[in-house]
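Presented below is the structure to which this report refers.
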Amino acid sequence: MMPKTVLITGASSGIGRALALEYAKGGAKVALVARRRELLDAVAEEVRALGGEPLVLPADVTKSETVHKAVCDAIVAFGGLDLVIANAGVGGTKHVKDTSWAFSEQMIDANVNGAIATLLAAVPHMVARGSGQLVGVSSIAGLRALPNSAVYSASKAALSTFLEATRIDLRSSGVKVTDIQPGFVTTPATDKNNFKMPFKWPVEKAATVIVKRLQRAPSVIAFPWPLVTALRIARLLPDAVYDRLVGAADPRGL
Ligand SMILES: NC(=O)c1ccc[n+]([C@@H]2O[C@H](COP(=O)([O-])OP(=O)(O)OC[C@H]3O[C@@H](n4cnc5c(N)ncnc54)[C@H](OP(=O)(O)O)[C@@H]3O)[C@@H](O)[C@H]2O)c1
Numbered sequence: 001m002m003p004k005t006v007l008i009t010g011a012s013s014g015i016g017r018a019l020a021l022e023y024a025k026g027g028a029k030v031a032l033v034a035r036r037r038e039l040l041d042a043v044a045e046e047v048r049a050l051g052g053e054p055l056v057l058p059a060d061v062t063k064s065e066t067v068h069k070a071v072c073d074a075i076v077a078f079g080g081l082d083l084v085i086a087n088a089g090v091g092g093t094k095h096v097k098d099t100s101w102a103f104s105e106q107m108i109d110a111n112v113n114g115a116i117a118t119l120l121a122a123v124p125h126m127v128a129r130g131s132g133q134l135v136g137v138s139s140i141a142g143l144r145a146l147p148n149s150a151v152y153s154a155s156k157a158a159l160s161t162f163l164e165a166t167r168i169d170l171r172s173s174g175v176k177v178t179d180i181q182p183g184f185v186t187t188p189a190t191d192k193n194n195f196k197m198p199f200k201w202p203v204e205k206a207a208t209v210i211v212k213r214l215q216r217a218p219s220v221i222a223f224p225w226p227l228v229t230a231l232r233i234a235r236l237l238p239d240a241v242y243d244r245l246v247g248a249a250d251p252r253g254l
């Protein structure tokens with residue numbers, strides 16, 4: 001069933017914006033959360049033009065009290081939330097020798113703590129209603145560590161594990177939990193990458209597929225299948241074999 005009330009973090013750009021527009025086409029009320037207000041206002045106009053009802057809620061997900069307030073404000077304004085998508089996050093590759101604590105801290109704060117703060121804020125409301133959907137956008141980079149991605153891969157693996165544990169805890173509550181694991185998608189984040197991104201999807205395709213599959217509330221939505229299959233097989237490989245394969249694909253290791 002299509003949700004009537006949705007909250008999306010990271011709605012000012014990329015995947016979050018595309019998801020907001022997709023839900024707007026179904027006439028949903030869509031709460032838009034991110035830091036850049038002017039971009040959120042522009043997305044709100046697009047949501048309205050497509051038949052949705054936007055609510056702009058500027059918030060930094062790394063400030064837990066701010067994102068908690070945004071979720072509560074959306075619940076009050078919409079009379080409830082059917083779906084919360086913790087999508088806000090930051091990317092970036094770095095060799096571990098060039099990785100500073102500041103880089104790591106801001107990435108973990110946004111990708112792990114920000115997502116957890118968003119979802120935890122919605123749990124009591126959904127559990128009390130006995131319905132709803134909690135969704136996190138992790139990455140296929142969390143399936144097995146990728147080169148030059150120590151912090152990013154760790155952040156996405158942490159989010160995937162949080163979502164899995166949440167799904168288990170809420171299994172009898174009526175609340176569904178889904179982990180979205182995208183491969184490469186064309187967004188301002190990946191526009192910065194200067195390496196090959198195999199099987200990269202346009203953001204509109206990613207949003208259409210996510211919205212369609214979320215209606216069945218599976219535990220995981222992962223795409224594209226060739227990359228997902230390769231990484232799932234890679235999980236079964238012994239470390240020595242995996243290290244050699246990854247090393248051959250990326251010769252920058254020391
Ligand atoms: N694109 C890909 O290939 C890909 C693949 C796998 C996973 N993902 C994941 O998909 C999600 C969306 O990424 P994207 O590619 O769409 O990137 P993007 O275009 O850069 O969008 C990132 C969004 O996150 C928001 N955000 C970042 N830090 C925030 C914070 N502290 N508080 C609130 N909002 C914050 C940004 O908004 P403001 O700057 O306005 O706050 C922006 O709306 C991320 O979690 C990313 O890791 C992307």
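Reminder that position 116 of the sequence shown reads as 116 in my numbering, one-by-one numbering, no gaps.
Quick reminder that beta carbons are idealized off the backbone N, C-alpha and C, glycines included.
Since we're looking at a predicted model, the values are computed, not measured.
Residue i: CB within 8 angstroms of a non-hydrogen atom of ligand 1
i       : result
Gly-26  : no
Ser-149 : no
Gly-89  : yes
Asn-194 : no
Met-126 : no
Ser-139 : yes
Met-1   : no
Val-71  : no
Beta-ladder partner(s) of residue i, from DSSP
i       : result
Leu-134 : Val-84 and Val-177
Pro-188 : DSSP lists no partner for Pro-188.
Ala-222 : Gln-181
Trp-101 : In DSSP, Trp-101 forms no bridge with anything.
Ile-8   : Leu-32 and Ile-85
Exposure label - residue i; buried when at least 16 CB within 10 Å
i       : result
Ser-219 : exposed
Ser-100 : exposed
Ile-75  : buried
Thr-166 : buried
Backbone CA spacing between residue i and residue j [nearest angstrom]
i       : j       : result
Val-112 : Gly-89  : 8 angstroms
Glu-255 : Lys-97  : Any question about residue 255 goes unanswered here, given that the chain covers just 1 to 254.
Lys-192 : Thr-93  : 10 angstroms
Arg-213 : Tyr-23  : 13 angstroms
Pro-131 : Val-84  : Rather than Pro, the amino acid found at residue 131 in this sequence is Ser. Each residue's alpha carbon lies about 12 angstroms from the other.
Ala-86  : Asp-243 : 31 angstroms
Glu-38  : Gly-51  : 20 angstroms
Leu-227 : His-95  : 22 angstroms
Check: residue i C-beta below 8 angstroms from any heavy atom of ligand 3
i       : result
Val-220 : Summarising the ligand content, the structure contains ligand 1 and does not contain ligand 3.
Contact with chain C by residue i, beta-carbon distance below 9 angstroms
i      : result
Tyr-23 : The displayed structure is made up of one protein chain only, and chain C is not part of it.
Contact belief for residue i with residue j at Cβ below 8 angstroms, rounded distance in angstroms
i       : j       : result
Phe-103 : Val-151 : 7 angstroms
Val-6   : Ala-28  : 5 angstroms
Asp-73  : Pro-147 : Incorrect: roughly 41 angstroms between the Cβ atoms, too far for contact.
Gln-215 : Met-2   : 6 angstroms
Ser-139 : Pro-202 : In fact, because the Cβ distance is near 17 angstroms, the residues do not count as touching under 8 angstroms.
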